[in-house]
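Residue numbers (the working numbering), protein chains in the order written: chain F, 23 to 253; chain A, 757 to 1546. Presented below is the structure to which this report refers.
Structure follows, in structure tokens:
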């Protein structure tokens, strides 16, 4: 009788957990479909990764119910986890593929790193705010991402030991691009920087380092402003 | 023989009013530090509705409160005093803590906001209730009592200046609370009820313990610059000082670097800097050595020195002195550094001494310009905007440095071939760069220049644009040097005489080329069309509407929401949205508070329309005029902090004298009509004539300027102090039951007017608000023609 009770209890827990997982999976798939693919993110690898990463496991507890909504979320310390669409747009911008090595400056919640880690071989990420670093490390470890390497420190100097990188994603506000980061980017590599006040992401800056070592910046617009009167 | 009870009441009301105004202004600073100044407006607006609510409360419970006046009055004053520090302390506790930035993100923040507002409502409500009881009980002495109220408030405006200099922002509410308790003690002298005396003594002791142990913490929003910087490793506050200019903190760091818009061609090291914050917002970077400023040679800000070797440079809004250091590196150069905040000047120069060729002026930039006879080779302005955009938090902040009038004055201070230089952070959708271009064009048009394109140059990096406005046309050699500068550092020219479209978008590619198209439209003469058609307000700011950072056009807000989503659109113009929410909130509450007493007093109040119009007119008129006077005299006196204090003090004391004088007048509607008409005439003249009158005295000495202030503020204020006591007295003689209702209407309308005045200032300008203020007095006058019912 006692054993039967435990079996029933385990079964019940399994049902509850799996229902919960299903609920989030459903939300996640809808998020990718409606918020990301429908808005023009077409890169298959990116969409696949976004469908897979459990965003709700990387946000603060109070934000779990909002994890798949079409907006940025607060993660504490004046930082936000970007709107899913922006993460998709940024990921697509660096054209990720297997075999690449990417450096991320500003781990934040760890979501961007997780999305990249689903596609590419090695992700190196640096976070300067200690509590965010600790939480992100814990969450990413729990999710089993062994190809994400976290470092607590100042992103200004990059991570020279593992340089050069195929791409660099700078998610922390950057009034200027640190010269060491440009140096650690491979020729032909790409760097992407979102530019906007918290809770907005108005445009992205893409830096392309040409084969000859010269570079070019490109302003990319996730949401293009079309003046009303023009229509 | 001791002081009579009525005189003690006069002293007590004066002290209470002093403490309340001082508390209100300290609360503005406290909330500006922990949140943003827009939020401060919102909370103060709701808290001040305590005055309106007190009228409503009195209308319903008048009998009981007035009958027990010797007990209820000191009790209410004590509650007001206790709740001043208590409300501030509670506001920092987790259950009440609120964040403006999350208002449009988290629904739970709305409830927290309500709790937050309720906290600060208590001290204002109890204070207003105390004053209201006295006004109602002693209506025959209303002239003197209203004088005590106004004069006390005026002195509060002066007292707070001293408190700001002497104490930490968290300590000031304790001091104002103590002052209110003192007001209660004045009434309790000879009182037989030991319970109240004990309560006061305990509170006094509690406040003193609070003061010495300093447990009031400033829980600053996590989204403010100071909080975000202190989250970084090896970063801490080294110095801190309070003043009426703000709470300045010096933050030392080993990881913060400064190089706004640095060229990607630069391969050297970027200097580590310390930071200075004012009210927890970034005031600027502090360089370790003046030589570190050479990094600016690799930013677009280096454009001016790339084409000109100046002899005399004026650095306006100089902040922490980075631009001053930059120019001072060059030999044979004299620099005037103008920064109004003396603490910022002190902290920055202590950390990194200016060279001998720098003269520091602690004064407002516009004041300096109007009093200086010098001309300069280069005039440098502070950077406009913030990296990534400012979320519209500066939208309702008056900025007299970025108006057409200001640029015109700077243009006149340039040498024949002098250059004005200013750097703008690129925002998206484009706003700041376009409004600045529009301001340049309007300024040049005012100066009679019909080919503005030959006087303007602009160099763009991936995130900044530096504009140069030259008094003479740019010559071919200068154009070639700017092209060379731009190419060398991989920037792109945005504006240069003779520039081809193809040359603009090479190194730093912009996907949305509207920046080029709109800039060209502004320059080639179709700018009025651009103002009308663009989704954002690009019309340049003027001294009458000094809101450079206000871009919102309400009719297009829906379009922005459709494009960017509801939440993101809110962050384009957070400041203005919060102001409008404040207005709507206070409007609903005010209407409720005005209507509520009528349910209880329906049959006891006659001539409701007269009471409503009369006291609404006074409430709106007084507040509109006060707000505009403060703004007009900021430019005249050249110091925003002292101008506000002087105007509040002069205006309230002069109104108090008018109130006192009114007690000699007979309470007849005819005399009230004459007084209000006189006020209408004076204010209507001020609406369009005051700026011209003030201009005549701009270059006079401070002594003569103060005389101007005394006369120009004193005359209307003296008369404006009369209609309220006269109306209240008239009402008490003819319809005593309506007195608390009238007091409540006046309070409610005063509060609504504060936010309404700012909305009008943004949309229509100060002259129009002044005229509306005059019109409000005309409504008061006209209400006296309504036939009285008995």
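Quick reminder that beta carbons are idealized off the backbone N, C-alpha and C, glycines included. Because the structure is a prediction, the values reported are computed rather than measured.
Does any C-beta atom of chain A lie closer than 8 angstroms to the C-beta of residue i?
i	result
residue 239 of chain F	yes
residue 242 of chain F	yes
residue 235 of chain F	no
residue 133 of chain F	no
residue 100 of chain F	yes
residue 229 of chain F	yes
residue 92 of chain F	yes
residue 106 of chain F	no
residue 96 of chain F	yes
Taking only beta-carbon atoms, is residue i less than 8 angstroms away from chain F?
i	result
residue 1491 of chain A	no
residue 1005 of chain A	no
residue 1218 of chain A	yes
residue 872 of chain A	no
residue 1020 of chain A	yes
residue 1015 of chain A	yes
residue 989 of chain A	yes
residue 1040 of chain A	no
residue 1132 of chain A	no
residue 1283 of chain A	no
residue 1024 of chain A	yes
residue 1011 of chain A	yes
residue 1323 of chain A	yes
Quick check on residue i: does DSSP put it in helix, strand or coil?
i	result
residue 190 of chain F	strand
residue 1496 of chain A	helix
residue 886 of chain A	helix
residue 181 of chain F	coil
residue 1033 of chain A	strand
residue 1341 of chain A	helix
residue 994 of chain A	strand
residue 855 of chain A	coil
residue 1022 of chain A	coil
residue 776 of chain A	helix
residue 252 of chain F	Only weak support is given to the placement of residue 252 of chain F: the predicted model assigns it a pLDDT of 43, under 50, and the question is left unresolved by the model.
residue 244 of chain F	coil
residue 945 of chain A	coil
residue 173 of chain F	strand
residue 237 of chain F	strand
residue 209 of chain F	strand
residue 230 of chain F	strand
residue 766 of chain A	helix
residue 102 of chain F	strand
Since residue i and residue j are thought to touch, with beta carbons under 8 angstroms apart, how far apart are those beta carbons, to the nearest angstrom?
i	j	result
residue 1114 of chain A	residue 1080 of chain A	6 angstroms
residue 1020 of chain A	residue 237 of chain F	6 angstroms
residue 885 of chain A	residue 813 of chain A	6 angstroms
residue 1473 of chain A	residue 1414 of chain A	7 angstroms
residue 100 of chain F	residue 192 of chain F	About 17 angstroms separates the two Cβ atoms, so there is no contact after all.
residue 1509 of chain A	residue 1375 of chain A	6 angstroms
Worksheet item: Which residues, taken in chain order from the region 137-156 of chain F, show a beta carbon closer than 9 angstroms to some beta carbon of chain A?
Response: Of all residues in the region 137-156 of chain F, 150, 151, 152, 153 and 154 have a Cβ within less than 9 angstroms of some Cβ in chain A.
Worksheet item: Which full runs of the alpha helix (DSSP H) of 4+ residues lie inside the region 1381-1426 of chain A, going along the chain?
Response: For the region 1381-1426 of chain A, whole alpha helix (DSSP H) runs of length 4 or above, ordered along the chain, are 1396-1418.
Discussion item. Short of 9 angstroms Cβ to Cβ, which residues in the region 1260-1278 of chain A face chain F?
Written reply: Listed by position, the residues of the region 1260-1278 of chain A near chain F (Cβ gap below 9 angstroms) are 1262, 1263, 1264, 1265, 1266, 1267, 1268, 1270 and 1274.
Practice prompt. Residues of the region 186-205 of chain F with a CB closer than 7 angstroms to any CB of chain A: list them in chain order, please.
Written response: The residues in question are 195, 197, 198, 199, 200, 201 and 204.
Discussion item. Could you tell me which whole alpha helix (DSSP H) segments of length 4 or greater appear in the region 105-164 of chain F?
Written reply: Runs found: 106-115, 133-139 and 152-164.
Item to complete: Could you list the residues in the region 849-868 of chain A with a C-beta less than 8 angstroms from some C-beta on chain F, going in chain order?
Response: Those residues of the region 849-868 of chain A that come within reach of chain F (Cβ to Cβ, closer than 8 angstroms) are 857, 858, 860, 861 and 862.
Fill in: Minimum length 4: unbroken alpha helix (DSSP H) runs contained in the region 1168-1240 of chain A
Runs of the alpha helix (DSSP H) inside the region 1168-1240 of chain A: 1188-1202.
Worksheet entry | Complete alpha helix (DSSP H) runs within the region 1097-1164 of chain A (minimum length 4 residues, chain order) | Runs of alpha helix (DSSP H) with 4 or more residues, each lying fully within the region 1097-1164 of chain A, are found at 1098-1107 and 1121-1127, listed in chain order.
Practice prompt. Enumerate, from N- to C-terminal direction, the unbroken alpha helix (DSSP H) stretches of 4 or more residues contained entirely within the region 1251-1328 of chain A.
Written response: Complete alpha helix (DSSP H) runs here, min 4: 1270-1279, 1283-1289, 1313-1320 and 1322-1326.
Discussion item. Tell me which residues of the region 173-187 of chain F have at least one Cβ-Cβ distance to chain A shorter than 9 angstroms, keeping chain order.
Written reply: Going along the region 173-187 of chain F in chain order, one finds 174, 175, 176 and 178 with a Cβ nearer than 9 angstroms to chain A.
Item to complete: Can you give me, in chain order, the residues of the region 1074-1107 of chain A that have a beta carbon less than 8 angstroms from any beta carbon in chain F?
Response: Taken residue by residue, none of the region 1074-1107 of chain A has a beta-carbon sitting less than 8 angstroms from a beta-carbon on chain F.
Item to complete: Could you pull out every unbroken alpha helix (DSSP H) segment of at least 4 residues lying fully inside the region 1447-1518 of chain A, listed in chain order?
Response: Within the region 1447-1518 of chain A, the alpha helix (DSSP H) runs of at least 4 residues that lie entirely inside it are, in chain order, 1458-1476 and 1479-1490.
Worksheet item: Closer than 7 angstroms, Cβ to any Cβ of chain F: which residues of the region 973-987 of chain A, in chain order?
Response: Against chain F - using a Cβ distance shorter than 7 angstroms - the residues of the region 973-987 of chain A are 978, 979, 983, 984 and 987.
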